[in-house]
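Scroll down for the structure; my scribbles are underneath it.
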Amino acid sequence: METIIRTNLLFDGIHPVQKGHIVIEDDQITAKFFNWEYGEISNNRQLLEYDDYFVMPGLFDNHVFFSGYLRMNAGLDLSQCLDKDAALKKIKAAATKKQGEPIYFHGFDLTQWSEKPTQQDLDNLNYAGAISGIDKNRSYCWLNRAAKMRYGFKETDTSAEAAEKLINELLRNEAELACVYQKYERALLSRGVVATKEIVFDNADYFKRRPQGKLQTRFYVQAVAKPLNIAQLIQYQQAEFAKNITFGGAKIMVDGVVADETGATFGNYSSEQIQPQIDYTAIYNLVKACNSQNIPCCLTTEGDKAAAKAAEILARNGKRLPKGVYNSISDLEMVTKQTAQKMADNKIVAEIYPQVLGLNDSYEKSYMENVLPQKYAERFFNYGTLKDAKVLLTSGTDLPLFMTDLPESIIRSVWRKFPHGQKRWQEKRGLDCLTLLQTFTQNAFAANGMLDCGTLCKGQKAHLAIFDQDLTTHDIMALTKAKVVATYIDGQVVYQS
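Numbering (UniProt numbering), first residue to last: 1 to 497.
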């Protein structure tokens with residue numbers, strides 16, 4: 001059976017959007033034309049009329065943490081609790097059934113509560129086991145004393161790295177793992193995502209327990225609790241994992257967060273905060289050890305100085321990698337023209353987070369022009385410079401920082417609009433819409449060595465995302481309402497609204 005999909009809005013992953021049709025047979029695209037001359041329809045040829053829908057390749061989210069999503073969605077859902085008393089009542093009810101086992105919870109919104117909860121509130125329940133949860137905005141951890149002793153972090157330690165012991169416990173909990181993974185996969189499929197680059201902490205053991213999924217997963221290992229184990233990475237190179245799971249490489253953190261004044265920047269912070277001390281020699285040695293074994297590295301940087309140093313390190317070692325395998329730099333909150341050119345010259349992939357401008361409520365409330373002297377402001381979210389240098393650009397979300405949202409990515413990185421207010425962020429340094437779409441499709445799959453996906457050309461896998469709005473519109477209000485109506489993997493519908 002052949003399936004023909006026609007539309008007035010076809011993005012094939014390469015060319016500008018135009019009228020066209022594709023033909024799918026089994027799991028492959030067998031034809032693509034920018035016309036509606038598809039011949040007669042018969043019992044063996046069905047036509048799907050997506051005439052006013054936006055048809056494009058399925059999306060590749062190039063930076064996610066399922067472990068972080070697991071932490072944010074494990075256990076009791078307290079999203080309907082309007083105050084701490086309602087939350088405590090629900091936690092107490094769960095405690096009567098748990099018999100000393102750890103209790104997890106999530107979803108409570110402190111911005112709606114009149115009083116911030118405390119450790120003492122949970123200790124007063126007189127429960128023998130650990131009780132731990134995190135609010136929906138990732139700003140506060142609510143823990144009893146037993147949880148602090150068990151996991152080793154406190155209320156303000158909201159990063160996934162700080163909660164490594166808790167996350168590993170959740171990853172060993174097969175019932176919790178299965179429940180949350182199914183929710184996670186449904187959420188991504190509903191956003192048009194068909195593949196992810198997933199960062200795992202220390203090892204990939206949890207894949208043995210994770211339910212078999214539909215998403216293609218390329219995983220990178222980040223050292224958190226112990227040093228990066230190169231021998232283990234070599235084993236992952238040679239190992240066979242469950243269907244749709246493959247080893248990608250190593251993830252290495254370089255600096256901190258510029259907004260928190262822990263990023264490594266060329267300019268001095270306005271507050272006179274001292275620049276972080278980073279052992280670039282140690283990072284160089286790690287990259288060298290990985291690249292010499294054909295293992296690519298992803299270095300995460302925020303500050304412009306950290307990005308420049310990372311590009312220099314990867315450039316010196318990247319020549320060791322085989323053809324089609326790339327080192328990368330992720331986040332790239334700040335970048336200079338010189339760094340962009342070094343990345344381009346040395347085939348270093350850029351992984352940007354196109355929704356990240358949304359962490360600032362408005363231009364007036366943004367930090368970029370305050371944290372450093374004014375002359376450095378143009379380096380923030382400087383995606384246009386990366387494009388102009390012809391760096392291979394890919395996009396990720398740092399999920400659970402953001403859930404994949406292609407329309408929002410366009411609003412933030414193309415139109416450079418904040419969630420509120422009229423003033424935008426340096427529009428001339430944004431991306432054009434075609435390039436942004438390619439960062440989630442053709443570029444993302446190519447950067448991960450998956451050359452049979454990412455476009456809607458003949459011979460490619462039939463992975464599709466279909467939206468109900470034209471994503472190239474200049475109407476931002478229309479973009480905010482755009483939704484996925486269907487997602488296809490290997491020619492089969494895996495999500496339908």
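Backbone N, C-alpha and C fix where the C-beta goes; we use that ideal spot for every residue, glycine too.
These numbers were taken from a predicted model, which means no experiment stands behind them.
| Just checking, does the region 64 to 73 make contact with the region 192 to 200 on the three C-beta pairs under 8 Å criterion? | yes
| Same chain, Cβ closer than 7 Å to Gly421, five either side skipped, listed in chain order | If you number the sequence shown from 1, residue 421 lands on position 421. So the list reads Ser362, Tyr363, Glu364, once near-sequence residues are dropped.
| Just how far apart, CA to CA, sit Glu161 and Tyr38? | Residue mapping note: residue 161 aligns to position 161 of the sequence shown, counting from 1. Residue mapping note: residue 38 aligns to position 38 of the sequence shown, counting from 1. So the alpha carbons of these two residues sit roughly 53 Å apart.
| Can you pull the DSSP bridge partners for Arg45? | In the sequence shown, residue 45 corresponds to position 45, counting from 1. Glu2, Ser42.
| query | Per DSSP, His106 forms a beta bridge with which residues? | reply | For the purposes of this step, residue 106 is taken as the residue at position 106 of the sequence shown. Answer by DSSP bridge pairing, in chain order: Asp77, Ile134.
| query | Under a three-way DSSP split, which group does Ala86 fall into? | reply | Counted from its first residue, the sequence shown places residue 86 at position 86. Ala86 falls in the helix class under three-state DSSP.
| said: Classify residue 500: buried if its beta carbon has 16 or more other beta carbons within 10 angstroms, exposed otherwise. | reply: Because the chain spans 1 through 497 in this model, residue 500 falls outside it and cannot be assessed.
| query | Which residue from Thr394, Lys305, Tyr353, Lys375 puts its Cα closest to that of Lys347? | reply | Counted from its first residue, the sequence shown places residue 347 at position 347. Ranking Thr394, Lys305, Tyr353, Lys375 by Cα distance to Lys347 puts Thr394 first.
| task | Could you give the DSSP three-state label for Cys457: helix, strand or coil? | result | Here residue 457 corresponds to residue number 457 of the sequence shown, with the count starting at 1. The answer is coil: DSSP assigns Cys457 none of H, G, I, E or B.
| said: I believe Tyr104 touches Gly129 by the beta-carbon criterion, under 8 Å. Please report the beta-carbon distance rounded to the nearest angstrom. | reply: Position 104 of the sequence shown, counted from the first residue, corresponds to residue 104. Position 129 of the sequence shown, counted from the first residue, corresponds to residue 129. About 11 Å; that fails the 8 Å criterion.
| Smallest Cα separation from Ile14: which of Met1, Gln28, Phe33, Val23? | As a position in the sequence shown, residue 14 is number 14, starting the count at 1. Of the candidates Met1, Gln28, Phe33, Val23, the one whose C-alpha sits nearest the C-alpha of Ile14 is Phe33.
| message | Within the continuous alpha helix (DSSP H) that includes Ser270, where are the two ends? | response | Indexing the sequence shown from 1 puts residue 270 at position 270. Careful: Ser270 lies outside any alpha helix (DSSP H) and carries neither H nor E.
| message | Taking DSSP's pairing of strands, which residues face Ala447 in a bridge? | response | The sequence position of residue 447 within the sequence shown is 447, counting from 1. Looking at the DSSP output, Ala447 bridges to nothing.
| Terminal residues of the beta strand (DSSP E) in which Pro57 lies | Locating residue 57 in the sequence shown gives position 57, counting from the first residue. Note, Pro57: beta strand (DSSP E), 54 to 57.
| query | Looking only at C-alpha atoms, which of Arg6, Trp425, Asp61 sits nearest to Met403? | reply | The residue labelled residue 403 in the question sits at position 403 within the sequence shown. Per the Cα distances, Asp61.
| Around the Cβ of Ala93, are there at least 16 other Cβ atoms within 10 angstroms (buried) or fewer (exposed)? | Translated into positions along the sequence shown, residue 93 becomes position 93. With fewer than 16 other Cβ atoms within 10 Å, it is exposed.
| Alpha-carbon to alpha-carbon, Leu48 and Phe266 | Position 266 of the sequence shown, counted from the first residue, corresponds to residue 266. Position 48 of the sequence shown, counted from the first residue, corresponds to residue 48. If I take the Cα positions, the gap works out to 54 Å.
| Other residues of its chain near Gln158: CB distance less than 8 Å, five sequence neighbours each side excluded | Looking up residue 158 in the sequence shown gives position 158. A quick correction: the sequence has Thr, not Gln, at residue 158. If we look at Thr158 and ignore the five residues flanking it on each side, its Cβ neighbours are Ile134, Arg138, Ser139, Tyr140, Cys141.
| query | Is there contact between the region 457 to 469 and the region 387 to 401, where contact requires at least three CB pairs shorter than 8 Å? | reply | no
| query | Where do the N-terminal and C-terminal ends of the beta strand (DSSP E) with Asp331 fall, by residue? | reply | Position 331 of the sequence shown, counted from the start, is the residue given in the question as residue 331. Asp331: member of the beta strand (DSSP E) spanning 328 to 331, first to last residue.
| task | Could you pull out every residue in the same chain whose Cβ sits closer than 7 Å to the Cβ of Cys457, ignoring the five residues on either side in sequence? | result | As a working note, residue 457 is residue 457 in the sequence shown. Asp12, Ile29, Lys32, listed in sequence order.
| For Val258, is the classification buried or exposed, using 16 other Cβ atoms within 10 angstroms of its Cβ as the cut-off for buried? | For the purposes of this step, residue 258 is identified with residue 258 of the sequence shown, where counting begins at 1. It is buried - the Cβ of Val258 has at least 16 other Cβ atoms within 10 Å.
| request: Tell me whether Met253 sits in a helix, a strand or coil according to DSSP, three-state version. | output: For this step, residue 253 is matched to residue 253 along the sequence shown. In this structure, Met253 counts as strand in the three-state DSSP scheme.
| query | Do you know offhand how far Asn285's Cα is from Ile230's? | reply | Counted from its first residue, the sequence shown places residue 285 at position 285. Counted from its first residue, the sequence shown places residue 230 at position 230. Whole-angstrom Cα-Cα distance: 11 Å.
| Of the choices Glu169, Thr156, Lys136, whose alpha-carbon is the least far from that of Arg150? | Taking the first residue of the sequence shown as position 1, residue 150 is located at position 150. The option with the nearest alpha carbon to Arg150 is Glu169.
| query | How many angstroms separate the CA atom of Trp36 from the CA atom of Tyr50? | reply | Along the sequence shown, one-based indexing puts residue 36 at 36. Along the sequence shown, one-based indexing puts residue 50 at 50. Computed Cα separation, rounded: 12 Å.
| message | For Asn443, tell me which candidate among His474, Ala350, Phe418, Asp432 has the shortest Cα-Cα distance. | response | Sequence index remark: in the sequence shown, residue 443 carries index 443 (1-based). Answer by Cα proximity: Ala350.
| query | What's the gap between the Cα of Asp260 and the Cα of Tyr269? | reply | By one-based count along the sequence shown, residue 260 stands at place 260. By one-based count along the sequence shown, residue 269 stands at place 269. When rounded, the distance between both Cα atoms is 10 Å.
| Extent of the continuous beta strand (DSSP E) run through Arg218 | Start at 1 with the first residue of the sequence shown, and residue 218 comes out as number 218. First-last of the beta strand (DSSP E) with Arg218: 216 to 222.
| Residue range of the beta strand (DSSP E) that Lys197 falls in? | Taking the sequence shown and counting its residues from 1, the one referred to as residue 197 is at position 197. Membership of Lys197 in the beta strand (DSSP E) is indicated by the continuous run 193 to 201.
| Residue burial classification, Lys305 (beta-carbon count within 10 angstroms, cutoff 16) | Translated into positions along the sequence shown, residue 305 becomes position 305. Lys305 comes out buried.
| request: Please report how far the alpha carbon of Gly491 lies from the alpha carbon of Ser413, in whole angstroms. | output: Residue numbering aside, residue 491 sits at position 491 when the sequence shown is read from its first letter. Residue numbering aside, residue 413 sits at position 413 when the sequence shown is read from its first letter. Each residue's Cα considered, the two are about 30 Å apart.
| field | Residues near Ser409 by beta carbon distance below 7 Å, same chain, minus five either side | value | The residue you call residue 409 lines up with position 409 of the sequence shown. Excluding sequence neighbours, Ser409 sits near Pro354, Gln355, Ser395, Leu436.
| query | To which residues of the same chain is Arg6 closer than 8 Å at the C-beta, ignoring the five residues directly before and after it? | reply | Looking up residue 6 in the sequence shown gives position 6. Result list for Arg6: Gly20, His21, Trp36, Tyr38, Leu47, Leu48, Glu49, Tyr50, Asp51, in chain order.
| request: Rounded to whole angstroms, what's the CA-CA distance from Ala377 to Gly358? Just pull it up for me. | output: If you number the sequence shown from 1, residue 377 lands on position 377. If you number the sequence shown from 1, residue 358 lands on position 358. Looking at the two C-alpha atoms, the distance is approximately 17 Å.
| request: Report the residue from Lys375, Gly100, Lys136, Thr118 whose alpha carbon sits nearest the alpha carbon of Tyr127. | output: Sequence index remark: in the sequence shown, residue 127 carries index 127 (1-based). Looking at the Cα atoms, Gly100 is the closest of the given residues.
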